[in-house]
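Going down the list, the sequences are from chains L, R, G and F.
Per the numbering used here, the very first residue in the first sequence carries number 1; after that it's consecutive.
Per the numbering used here, the very first residue in the second sequence carries number 1001; after that it's consecutive.
Per the numbering used here, the very first residue in the third sequence carries number 2001; after that it's consecutive.
Per the numbering used here, the very first residue in the fourth sequence carries number 3001; after that it's consecutive.
For glycine and all other residues, C-beta sits at the position ideal for the given N, C-alpha and C.
Since the model is a prediction, treat every value here as computed from it, not as a measurement.
Some notes on the structure that comes next.
There are 4 protein chains.
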Amino acid sequence: EDPLVIAGESFGSRLIMGTGGAPSLLGLETALRASGTELTTVALRRVHTGSEGSIWDLLRHNGIRALPNTAGCFSANEAILTAKLAREACETNWVKLEVIADDTSLLPDPIELVSAARTLVDDGFVVLPYTNDDPILARKLADVGCSAIMPLGSPIGTGLGILNPRNIEAIVAGAPVPVVLDAGIGTASDAAFAMELGCDAVLLATSVTRAADPARMARAMRQAIEAGRDAHLAGRIPRREQALASSPTEGRANLDLAL
Amino acid sequence: EDPLVIAGESFGSRLIMGTGGAPSLLGLETALRASGTELTTVALRRVHTGSEGSIWDLLRHNGIRALPNTAGCFSANEAILTAKLAREACETNWVKLEVIADDTSLLPDPIELVSAARTLVDDGFVVLPYTNDDPILARKLADVGCSAIMPLGSPIGTGLGILNPRNIEAIVAGAPVPVVLDAGIGTASDAAFAMELGCDAVLLATSVTRAADPARMARAMRQAIEAGRDAHLAGRIPRREQALASSPTEGRANLDLAL
Amino acid sequence: EDPLVIAGESFGSRLIMGTGGAPSLLGLETALRASGTELTTVALRRVHTGSEGSIWDLLRHNGIRALPNTAGCFSANEAILTAKLAREACETNWVKLEVIADDTSLLPDPIELVSAARTLVDDGFVVLPYTNDDPILARKLADVGCSAIMPLGSPIGTGLGILNPRNIEAIVAGAPVPVVLDAGIGTASDAAFAMELGCDAVLLATSVTRAADPARMARAMRQAIEAGRDAHLAGRIPRREQALASSPTEGRANLDLAL
Amino acid sequence: EDPLVIAGESFGSRLIMGTGGAPSLLGLETALRASGTELTTVALRRVHTGSEGSIWDLLRHNGIRALPNTAGCFSANEAILTAKLAREACETNWVKLEVIADDTSLLPDPIELVSAARTLVDDGFVVLPYTNDDPILARKLADVGCSAIMPLGSPIGTGLGILNPRNIEAIVAGAPVPVVLDAGIGTASDAAFAMELGCDAVLLATSVTRAADPARMARAMRQAIEAGRDAHLAGRIPRREQALASSPTEGRANLDLAL
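Take a look at the structure:
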């Protein structure tokens, strides 16, 4: 009834999962099921591994759409090549575009990112770029034809939540395509908060796969995202500097009347 | 399986609702049902009103336990008298104890509060006191025999969320009885956050009854509290100052191997 | 020209220093001089020690007024006794009143504090109580006749700054006597912020005495407090959600005119 | 003794002023003098105006170095042209480079900015670019040869302070040239905080020129920046989660010894 729509495709879940950090395929499967996700990123090199069955098989078996990413790419050219290989290997023209500036910060390279996005869109890809929280860069990514904008809340794996909510709100306000909060989620309230800021979905991996109880955290994230979406649509009360009695007269005086 | 237990009574829901601010009994009923609450506060003077059916009837009809409060009381004596009248009127020895310092801040009077709590406990009441976020006052309330501690996140009706999370954590760490975050919740992520800090339940009214769509917000709060509880129990990832790749090797290099 | 006035006494400096944590008397003296303080707390037991000269002598020699405290007292009675001993030993009826709830949190005991304050005021003391950040407790302390209110920003020695600025603002708004931010200051911007919130002075010890370079940090605190006071009086610009060009037309167009 | 050095030039003051928002030249002059600034930005079109004497004259008369900016430029080409005109008009190869993405957000255009910076550096300019708070973009600006990095704390004119301190710290950690916090300063504690994060200087305009008392706020900023610099160098105490007595034994017990 309230689907997430990206590039014309509808998803019942607004939680996009990543697969990194999972200690085992079995644990990953349990967590993915608990999360209710319908779209999950996979790194190209993990698509085909023979050992214990592949992530690719796992996703297909659970009816989850695979979203190849370009994790580990440091330049536009590298990301473009990886995307093309993934398109053939995974038989999808969707790609989560990552162009990382360095191995330490894992922050996106803004200039290489826009360049890669432009090329991939021109080549027929549905491009979902992982970006920083700069509203101007987000606009440029939309302008070159990306199908969603995926800003970070904080650096990958930090679990620091959303460090600059105003930037996320500004990205949401200006984006003609869905906004997916990607990176930085640490716990359920972070995910709910992202949705309350107006994000259309949340992408997370580590906060679930590295939690002490991944399946329970996956369930928490699923509910938190639904809660945040509902809260966003329900129209929250304004923040007030002064107290306001929930009912100015309730319980006061007139005790005789009450009995 | 994970009930909230207060004074030996079990509740399946960890959302305690207030009734203030509701525009109509019908709207209130819809919101209460959506919230899943099993325990709801009522001000004494609102218990018996004939006009459109009473809140009392509404709660009974929906199987929700009524928790009388002493809203609007400014002294220990006034609160004690109100609690006793409520005990007779509502046939329960449970009371949400409020002793407010003034009409403007609606903040608790710490000294009158402890005094009233002591007297009511000695008189056989199950006392659930609304208090500020001072860990020392919380301890005193537990010491005099209160059955839960209900600290504010921020002043009543402000919707500012939890202004001092460290104080709430300190209250939780020291409390031998359940801690219920009471007052200040503005939206779903605030409620989830309270649970993540270790609170056992959340009490809220205005954020639901005065939302644009109270039933939807009630549903959001219900899910957020479940999500926050799960996240608390699931063991979140630590906050890190530096980025951490969800999988250091995924997608990197070896593109030939991947195909 | 803009003195701090407490109980009719004027001070040119708005920085009140504590002496705890200083590694040596010499280091303490250097820091106190750099701070420009005119009022410094001393614990009673440190007043008279013969070994390397006393803090008492140090303060007198530098023209700094000594403010005895009741550090380490856990009850009203203990604090009252300590205050009386200090009055005789130090020949002053001023006292920084501390009644601590426990050794771990070092948080004030709100009920014992008000009780001790009332007794000491009635006995002719000028009482400066160290309190939590509850605006209601602050009001009670003013009501019993305290000459200043000294709320914490965060627990003693944590250096976490001001965790709940709204509470400090509320205390300032309601206080008929000077408000001194006491405890929690970690660095210079914390002290400036306290003054910007409307505090009349700042009391700090650890942040200077345990800094790597105490004298330099003392100088920083001195300037920060003057800066914060000036900023408070200068009337800051409002916070805006939207950007505002400092001059909408500057530099734009008309390049021909410019040359 | 601790000068700010940019491109080999030393400045005794770490406060760089802007001139926008000043209601009059006289008021501006008073504020500039109170600020102690030695470097002040001017928009090209304001350099030569005949009416009431020019800003150019004002700066020269007060011994303040003028730093032309490219305010109001929306593309690399426009900024480059403006910089060249300013070089001739102002007889300086220094330029504060601004390339704004739009009139509403006043945020920098990251791609045009790097492009303009590269060209201007190659043309012999000393380029001081106004940038967002992205550490990767900051690195690129340093890589193309900029002589300082000037990240925003929050959007121009908002007075919201530093919204993402971690980004500023990351920029400082990686920058081989001075970092100047530019935009978003609202009050003195914001400026002190910037310096504590490791910035080498602060650039501000509106917070002084639009304060109720600009000269007093200018003085506050001057002191706050000196305080923040000192605090940064003095080595602050660590933030602690638990309280720590400034002196565990002071004033406790041994009251007999004390007398």
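- In the displayed model, I1016 (chain R) falls within a strand according to three-state DSSP.
- When rounded, the separation of the alpha-carbon atoms in S2054 (chain G) and S2013 (chain G) is 23 angstroms.
- Per DSSP, A1066 (chain R) is one residue of the beta strand (DSSP E) stretching across 1065–1069.
- The alpha-carbon of G2124 (chain G) is positioned some 20 angstroms away from that of S2075 (chain G).
- The C-beta distance from V179 (chain L) to V172 (chain L) rounds to 5 angstroms, short enough to meet the 8 angstroms contact threshold.
- Among the CB atoms of chain L, one or more fall inside 7 angstroms of the CB of D3109 (chain F).
- Taking 7 angstroms as the cut-off, the beta carbon of M3221 (chain F) is found closer than this to the beta carbon of L3015 (chain F).
- With respect to the C-alpha of A43 (chain L), the residue from L:L26, L:L97, L:S24 having the closest C-alpha is L:L97.
- In this chain, the beta strand (DSSP E) harbouring D182 (chain L) covers 180–182.
- By the 16-neighbour rule on beta-carbons within 10 angstroms, V99 (chain L) is buried.
- Within the stretch 2193–2226 of chain G, the runs of alpha helix (DSSP H) that reach at least 4 residues and sit entirely inside it are, in chain order, 2206–2209.
- With fewer than three CB-CB distances shorter than 8 angstroms, the stretch 1076–1085 of chain R does not count as touching the stretch 1056–1063 of chain R.
- Nearest Cα to A3117 (chain F) within the set F:L3004, F:D3143, F:A3101: F:D3143.
- With respect to chain G, the C-beta atom of D3182 (chain F) has no partner C-beta closer than 7 angstroms.
- L1058 (chain R) and L1204 (chain R) have their C-alpha atoms roughly 18 angstroms apart.
- Put simply, the backbone Cα of L1152 (chain R) is about 28 angstroms away from that of S207 (chain L).
- Annotated three-state conformation of L2081 (chain G) is helix, per DSSP.
- Against chain R, the CB of I162 (chain L) has no partner CB under 7 angstroms away; the residue lies outside that interface.
- The Cβ-Cβ distance between P1129 (chain R) and L1113 (chain R) falls below 7 angstroms.
- Interface annotation, D3134 (chain F): in contact with chain L, CB-CB separation under 7 angstroms.
- Beta-bridge annotation (DSSP): V3005 (chain F) is paired with F:S3010.
- For L3137 (chain F), the chain L residues whose Cβ falls inside 7 angstroms of its Cβ are P110, in order along the chain.
- By the Cβ test, the stretch 1189–1203 of chain R is not in contact with the stretch 2191–2204 of chain G, since fewer than three Cβ pairs between them sit closer than 8 angstroms.
- Less than 7 angstroms divides the Cβ of P3068 (chain F) from the Cβ of A3086 (chain F).
- For the stretch 2144–2176 of chain G, residues whose beta-carbon sits nearer than 7 angstroms to a beta-carbon of chain F comprise P2155, I2156, G2157, T2158, G2159, L2160.
- Under the Cβ distance rule, D2213 (chain G) counts among the residues neighbouring chain F, one pair being separated by less than 7 angstroms.
- The closest CA to that of Q3242 (chain F), considering only G:L2163, G:A2211, G:T2158, is found on G:T2158.
- With fewer than 16 other beta carbons inside 10 angstroms of its own, S2010 (chain G) counts as exposed.
- Its chain contains L1058 as the residues whose beta carbon lies nearer than 6 angstroms to that of E1029 (chain R), once the 5 sequence neighbours on both sides are disregarded; these appear in chain order.
- With at least 16 other beta carbons inside 10 angstroms of its own, P1155 (chain R) counts as buried.
- For A1243 (chain R), the neighbours in chain L by C-beta distance under 8 angstroms run, in chain order, T104, S105, L106, L107, P155, I156, G157, T158.
- With a threshold of 16 other beta carbon atoms within 10 Å, T104 (chain L) falls short and is exposed.
- Per DSSP, the unbroken beta strand (DSSP E) holding L2128 (chain G) starts and ends at 2126–2131.
- The three-state reading of DSSP puts V3042 (chain F) in strand, counting E and B together.
- Distance from L3004 (chain F) to D3200 (chain F) at the Cβ level is roughly 6 angstroms; contact confirmed, criterion being Cβ atoms closer than 8 angstroms.
- In this structure, G2021 (chain G) lies near R2210 (chain G), with their beta-carbon atoms less than 7 angstroms apart.
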